[in-house]
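Accompanying notes for the structure given below.
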Amino acid sequence: MNRPVFLSWWLRLLIGIAAGCLASGLSAIVPGLGLLTTLCLPLALFLGLTVYGSSDALGLAAFVLVYEAAAFYAGGAVTAVCALLCVVAPLAVMLWLELSQKPAFYDRLFVSLACMLLGMVAALGFLSLMYPGDLADRAGALLLASFDQLGETERQTVSALFKQMYGVLGLDLGSDTQTILTNVVELFKEQLKISLPSIMLTLSVLNVFPGVLLCAFMRTKRHLPGASYKPVSQWRMPARYTIGLIVLLIAGIVLNYTGMSGAVVLNTVLGAASLACAVQYLASITDRLSRMPSGRGGKIVFFIAITLLMATAIPFYGAFSMLIGSQGLITTWLRTRRDKDSEL
Numbered sequence: 004m005n006r007p008v009f010l011s012w013w014l015r016l017l018i019g020i021a022a023g024c025l026a027s028g029l030s031a032i033v034p035g036l037g038l039l040t041t042l043c044l045p046l047a048l049f050l051g052l053t054v055y056g057s058s059d060a061l062g063l064a065a066f067v068l069v070y071e072a073a074a075f076y077a078g079g080a081v082t083a084v085c086a087l088l089c090v091v092a093p094l095a096v097m098l099w100l101e102l103s104q105k106p107a108f109y110d111r112l113f114v115s116l117a118c119m120l121l122g123m124v125a126a127l128g129f130l131s132l133m134y135p136g137d138l139a140d141r142a143g144a145l146l147l148a149s150f151d152q153l154g155e156t157e158r159q160t161v162s163a164l165f166k167q168m169y170g171v172l173g174l175d176l177g178s179d180t181q182t183i184l185t186n187v188v189e190l191f192k193e194q195l196k197i198s199l200p201s202i203m204l205t206l207s208v209l210n211v212f213p214g215v216l217l218c219a220f221m222r223t224k225r226h227l228p229g230a231s232y233k234p235v236s237q238w239r240m241p242a243r244y245t246i247g248l249i250v251l252l253i254a255g256i257v258l259n260y261t262g263m264s265g266a267v268v269l270n271t272v273l274g275a276a277s278l279a280c281a282v283q284y285l286a287s288i289t290d291r292l293s294r295m296p297s298g299r300g301g302k303i304v305f306f307i308a309i310t311l312l313m314a315t316a317i318p319f320y321g322a323f324s325m326l327i328g329s330q331g332l333i334t335t336w337l338r339t340r341r342d343k344d345s346e347l
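If you want the numbering used here, it's the 1-based position in the sequence shown plus 3.
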């Protein structure tokens, strides 16, 4: 049996500190890392899982300390508590699931997804208690204040960019700079009210699915006891998840026509369905590529090419794969029925 592989203690600390700086935005003080920091801010939980997969508890402790300290420095106790609820608490539950190995790997993905969503909802509830009122209005006020802090040249550049971007959608934001920026804030507030659940779901999926996979993969490659994972090619949606998704879609459509906050519900359900179809697409296409008589480089090139070519068709591909693919819901039901008939 292979022996477990561990990094040096100082290297584990360094990885945890570096990831904490990226996740919290502290790395912005280094010239040239501003854009990288912006990309890493919404992926804090993914970075935490990656740190644990490579650096164990010591690296994770350094990550959490840096992340919480930066949150406290940036926004005080309120921001630190939100970071604790959104990232640290769900991360602790996910790592407990990883160590206990109680649910199967695929089920752990969805339990972890629920943990992060609950953490984000708890953070929103905490903010509502601390700052009564509409959170969308507060977010809009913060965005408008950030626009006011820009110089006149920068404001004109930003307003021209927004005017061009929304003009493609057929929206007229006005002519002068202040009117354009004010209209952008109003559109942002309305979109946030409708799309907030969908945004939270998307952020959770982007953090949890690759994070849990990479963490388990690294622990398996390091030959740690109890570590296990399933490659993406085996991530096809089980029948119970497909049925649940269909039920949610029907409920969302019905609520949308009844007017009972239907736009928010339907937008959230459609977002969940699109993400599920994307996961199904990745599982199906990687499974097919694994059986292709080609090297790894050729498979990667083919995957990128086919994904770019059929980007708009990915949700349809995933939906058909979930229903009538080789392991789809309808295909499995027909196969089971045929087997029962042959036994009679």
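Backbone N, C-alpha and C fix where the C-beta goes; we use that ideal spot for every residue, glycine too.
Exposure of residue i, with buried meaning 16 or more beta-carbon neighbours within 10 Å
i    : result
M295 : exposed
M240 : buried
L332 : buried
A107 : exposed
S324 : buried
Y55  : buried
Y260 : exposed
V171 : exposed
L312 : exposed
G136 : exposed
S329 : exposed
W238 : buried
S57  : buried
T339 : exposed
L42  : exposed
M133 : exposed
V304 : exposed
L63  : buried
L337 : exposed
P33  : First, the amino acid is wrong: residue 33 is Val here, not Pro. Flag for V33 reads exposed.
V1   : Nothing about residue 1 can be read from this structure; the chain reaches only from 4 to 347.
L174 : exposed
Residue i: CB within 7 Å of a non-hydrogen atom of the ligand GTP
i   : result
F49 : Although the ligand GTP was asked about, the structure shown includes no ligands whatsoever.
Residues near residue i by beta carbon distance below 7 Å, same chain, minus five either side
i    : result
R225 : P7 and V8
F191 : G143 and L146
I256 : L269
C24  : S30 and V69
W12  : L61
A230 : A219, R222 and T223
V114 : L100 and P106
G177 : I183 and N186
G214 : L48, F49, L52 and T53
S198 : N270
T348 : This structure leaves residue 348 out entirely; the chain is present only between 4 and 347.
Proximity of residue i and residue j at Cβ, strictly below 8 Å
i    : j    : result
L138 : S149 : no
A286 : S236 : yes
V90  : G154 : no
G19  : A83  : no
L204 : G298 : no
T156 : S201 : no
T180 : Q159 : yes
T53  : A21  : no
Y306 : L292 : First, the residue type needs correcting, since residue 306 is Phe and not Tyr in the sequence shown. Contact: yes.
L209 : L46  : yes
A73  : S27  : yes
Top-ranked residue by Cα proximity to residue i, from the options
i    : options                  : result
L61  : P135, K196, L14 and M325 : L14
F319 : M133, L252 and Y284      : Y284
L48  : D290, L42 and P93        : P93
A77  : T205, L29, M119 and A65  : L29
L44  : I246, A86 and Y55        : A86
D110 : D344, A254 and K233      : K233
V81  : G128, P213 and M119      : G128
A314 : K196, S277, G247 and V96 : S277
N5   : I249, V304 and L227      : L227
L121 : K302, M97 and G301       : M97
Close beta carbons around residue i, own chain, < 6 Å, minus the five adjacent residues each side
i    : result
L116 : S207 and V211
A126 : C85, L88 and C89
T334 : I327
A242 : L332
M123 : C89 and M203
C-beta neighbour in chain E for residue i, strict 8 Å
i    : result
E189 : Considering every chain present, this structure includes no chain E. It has just one protein chain.
Residues near residue i by beta carbon distance below 8 Å, same chain, minus five either side
i    : result
G321 : A279, C280, A281, V282, Q283, Y284 and S287
E71  : A83, A86, L87 and V91
Does the segment 100-112 come within contact of the segment 211-218, defined as at least 3 CB pairs closer than 8 Å? Proximity of the segment 100-112 to the segment 211-218 meets the contact definition, three or more beta-carbon pairs being nearer than 8 Å.
Is there contact between the segment 160-171 and the segment 184-198, where contact requires at least three CB pairs shorter than 8 Å? Verdict: yes, contact present.
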